[in-house]
Each structure stands twice: as C-alpha cells, then as structure tokens.
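Notes follow the structure.
Number of protein chains: 2
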Amino acid sequence: MNKEVCMKHACVKSASSEHVKRATPPSFLLKTHTLVEDPPTNDIISWNDQGTTFIVWRPVELARDLLPTLFKHSNFSSFVRQLNTYGFRKVASGRWEFHHNMFRRGERQLLCEIQRRKAWDSKLPQSLVKTTMKESNDHQRFSSSMSSSPSSYVSLSYENKRLKRENGDLCVELASTKKKCNELLNLVAFHLNSKKMVVEQRPKLFGVWLDLPQEKRREHEEFSENMSALSSQC
Amino acid sequence: MNKEVCMKHACVKSASSEHVKRATPPSFLLKTHTLVEDPPTNDIISWNDQGTTFIVWRPVELARDLLPTLFKHSNFSSFVRQLNTYGFRKVASGRWEFHHNMFRRGERQLLCEIQRRKAWDSKLPQSLVKTTMKESNDHQRFSSSMSSSPSSYVSLSYENKRLKRENGDLCVELASTKKKCNELLNLVAFHLNSKKMVVEQRPKLFGVWLDLPQEKRREHEEFSENMSALSSQC
DNA sequence: ACAAATATTCTAGAACC
DNA sequence: GGTTCTAGAATATTTGT
C-alpha cells in the first residue's frame, strides 16, 4: 500500500527532488478540502460538477465569513497565495476556479501527495550563515545612520524616526537632482543642435572650415560622444 | 554629420523616456489621485490626516462600485498591483494605507515625478544585503531578554534594518545621479568656454559679428544664464 | 528552547491584452 | 500602459523533537 503510493508519486514527480510522504497533510489543505466539501457553504465555495476543481462563487463572503473561522486572516489574496504555494492553478477565466491534480472530491487521502513549494532550501540550515553578510560595509559608509548600533528599544525607536526623515529627504533630493540632470540634458541637446547648425552652415573653402580649426571639430565630436554616453544613463 | 544627427536623437529620446517630467502623468495616477481627492467617496477611500498617504476604508465597495467606473476591472488586487508598479508602499499594517513620496493631497503636479517600474528597474528596491540567520537569532535573543513588548522590539528592529537598507540604496543612487549631473555640467562648461572663445575671437566689422547673427548671440546668452542657474544648484 | 515548517503579508515577475 | 495570475521575499506563528 505504502509502496504503491510512493511509486505513483515517484512517477509523477520524476524530475523533482524526492520527497517523503507525510503522515498528515498540511492543515491548510485539510481545512480547504473540508470547506469545499461542506454542503451548507456550496453557494460560496463548491466543487465543479466533476469534482476535479473547486469554485469560489462569492469571494467577498468567503473572505468575510469563512476564512476567519479557519485561518488567522480574512484576506482572499492570502487564501489565493496559499493555493499557489501548494501548486493550485486558476483555471479558465472569469471566475475563481482552482485545480490541483491531487485535490478531488471525496479523495481526502490524496492530499498527502501535495507538496508545499519552496521547501528546497531546508538542506543547509547553518552553512548559509558564514559568509553572506560580510560586505554590508559598502553601503554603510554612505549613510550617516550607521554610526552606532542602538542597544535599546528607545534608541531604536528614535533611530527609526530619524531614518524615516532622512529617507524622505533623500527621496526629495534625488527627485530634484534627477530633474536638474534632465534639464541640463535638454538644454544641451538643444544647444548642441543649434551649434551643429552653425558648424554645418559655415562656409568651407578648399576643403577646410574657414573659422573652425580641426581641433575644435574634434572637440565637438568628443563632446557629442560624451553626451551620448551620459544621456543614456541619466 | 550622421553622427550628430544620431546624437540629437539619442538625447531627445533619452530625455523623453527616462526622468524628464511627463506632460501628463499616466492615467492610473491621475484617476487614483482624483478618486482620493473626491469628497463624496471619502468613506471608501481618502487621504490620511496629513494628506501624505491614502487609505482604502472599504476595499469591497471600492472594488465593486468605484474601480469599474475608472478602470476595466473590479479587482482590488489589480488595483494594488498597479500601486506597487508605480512604487507605492503599504504602510503599517491592519489597513489598506498606501504611500508614495510624490503622491500628496493637492499636489497633482507631483504625479509627473512618479516613474512606472519595469523589470530592469530592480536596483533601488532590491538590495544585496540579506538578513542572516545569525542576525535573526541576535534579535530574538535580545527580545527575549526584554521585559516589555518584545515583539515590538523585534518588528522595530526589522523595520530599522529595512530603513537602513533603503537609505543606503538611496544614497548610492543620489551620489551616482549627482556625479552624472556634475559630469554634464563640466562637459558643458568646457564646451561653453570653447564656444565663447570662438565667438569673441571672431572679427567684428561695422559693429556686426561676421558670421554669428544676433539671434545666435541671444541664444548663447540665454544658454549661459540657464547654465549658471543650474550649476548653482547641482 | 531551538530550528524547521508553515502561514500571512506585501511586492514583483511575466504573460497577455 | 493595463490586467491577470503566479512567485519572491520578508515577517510572523506554529510545530516537532
């Protein structure tokens, strides 16, 4: 019996990492399955005709009246996030109908086959600690807020207030700097264009610009190249 | 010749597609700002007291009654997705209150500063600095030694960390923007100087510049004035 | 108690329109 | 640029030993 289940599962999840069959399904799946099966709430959430998907007919009522009784929230979006975490997919369009191969009417035992996603990082619980936080020095030196590490709730609170203020100030200054940068760019683009006109309209004699020596023209070209580089970043 | 033409286009295109103030903000921002300002719907969505954030008091009613009149849907989650796309952040918890530095009561013109975020724009909000398990444990050890409101200390600590990260990112971007601004300025100053030399050395005959008509000289003077105004701020 | 697993929240990616 | 569906990431809570 157990062997059969494991075999079947191995076939289905051939490309993924192996998994161990759970003794009891996650409570989210149990609660949701019970909810869908429950006849009194079929006007809010129910199976489709074949019992292969379930449909949320009234998301507002589900969120307001049912979710809080099962979970610690009343947000439809949190419910959907959980469904996606367990691999459910919304089917078709226009209504909140979800499907999972192992989520079917009357087949409660199948829930054990459903795996929560993103559990793949449970392999090395402590080896991550060693090196990953070494280079926070770079951005530290930019901020005046890094001078001391607060050791109490009160100082943390004060620092938070200050950080928020600094943050707002930085946003404003950044916006203003970007604005000036762009004004500069526009101004220069216009100016460059007008100079180009002057240069091109200047009379040429014997293949030489009358009043613009070679070095000036080279300057102009370098300027154009620099402008091009800068404008692509600003 | 072709080079200069391309150059001009590069400038103009860059200017219009990046940080230059748009003529009209995206309709989403205009509609949302109008919606928040509208007094009759203040029981559903309104400014906070200071006019620095807005609060959705009744998400269900907003989705059902208001969203369809402005957009082509009636999903609260789609509305939230748009807010995030434009850089709004949910503030605090427990209610749908959103903030953006450039989204304020009565300041409709500020909307032009708001940039829609795209895939390649993942630098500012994202940070390389990862929370490590060690740091987490430090916080927990700290909080468990606190006699009063340990969870508050922990969340304050998390927020503190996030603020510092954002602060550092902002500083980096600000420094980079200022640097570009200065490079632009230097480039332009040099260019301006060389042009001035050319202009002043040009022969004058009967009180008239030989090859620089009056309008060009006026342009040049206006340009210089604009430049000096900008350089004093940058 | 501790670390892992799960749950909840908020934000972003990506496909499609 | 907008809408939809799914996933990432941070935080909070529960569970297993």
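Going line by line, the protein sequences match chains A and B.
Numbering-wise, the UniProt record's numbering puts 185 at position 185 of the first sequence, and it's gapless, one number per residue.
Numbering-wise, the UniProt record's numbering puts 43 at position 43 of the second sequence, and it's gapless, one number per residue.
Idealized CB from N, CA, C, for every residue including glycine.
- Put simply, the backbone Cα of A:His-73 is about 14 Å away from that of A:Lys-31.
- Looking at B:Arg-81, B:Thr-52, B:Arg-58, the one whose alpha-carbon comes closest to that of B:Phe-28 is B:Arg-81.
- For the 8 Å CB-CB criterion, A:Pro-40 and A:Trp-96 do not form a contact.
- Of A:Gln-115, A:Lys-179, A:Ser-78, A:Pro-25, the smallest CA-CA separation from A:Tyr-86 is found for A:Gln-115.
- Flagged as an interface residue toward chain A: B:Leu-163, by a C-beta distance shorter than 8 Å.
- Taking 8 Å as the cut-off, the Cβ atoms of B:Cys-171 and A:Leu-184 do not count as close.
- Against chain B, the beta carbon of A:Thr-177 has neighbours under 7 Å at Leu-174, Thr-177, Lys-178, Cys-181, listed in chain order.
- The beta-bridge partner set that DSSP reports for A:Thr-53 consists of A:His-99.
- Beta bridge pairing from DSSP links A:Ser-46 with A:Ile-55.
- Nearest to A:Asn-42 by C-alpha distance, out of A:Pro-26, A:Gly-51, A:Trp-57, is A:Trp-57.
- Proximity of chain B to A:Ser-77 at the Cβ level (cut-off 9 Å) is accounted for by Phe-76, Ser-77, Val-80, in chain order.
- Residue-level contact by beta carbon holds for A:Val-188 and chain B, with a gap shorter than 8 Å.
- When secondary structure is reduced to three states using DSSP, B:Lys-90 falls in the strand class.
- Put simply, the CB of B:Glu-113 is near chain A, with a gap under 8 Å to one of its CB atoms.
- Not flagged as an interface residue toward chain B: A:Glu-107, since no C-beta distance is shorter than 8 Å.
- Any Cβ of chain B closer than 8 Å to the Cβ of A:Val-56 would place that residue at the interface, and such an atom is absent.
- Taking a C-beta cut-off of 9 Å against chain B, none of the residues of the stretch 20-35 of chain A qualify.
- Counting only the Cα atoms, A:Leu-174 lies some 10 Å from B:Ser-176.
- Distance between A:Ile-45 and B:Leu-70, taken at the CA atoms: about 29 Å.
- Secondary structure of A:Arg-162 (DSSP, three-state): helix.
- Between B:Phe-88 and B:Phe-98, the CB-CB gap stays under 8 Å.
- Interface with chain A (8 Å Cβ-Cβ cutoff): B:Glu-37 is excluded.
- Relative to the Cα of A:Val-91, the nearest Cα in the group A:Ile-55, A:Leu-110, A:Asp-65, A:Glu-166 belongs to A:Ile-55.
- When Cβ-Cβ separations below 8 Å define contact, B:Asn-160 makes contact with chain A.
- At least one beta carbon of chain A lies nearer than 8 Å to the beta carbon of B:Leu-170.
- By the rule that beta-carbons nearer than 8 Å mark a contact, B:Asn-48 does not touch chain A.
- Within 7 Å of the CB of B:Asn-84, no CB atom of chain A is found; the nearest one sits about 12 Å away.
- Per DSSP, B:Thr-24 lies in no alpha helix (DSSP H) and is assigned neither H nor E.
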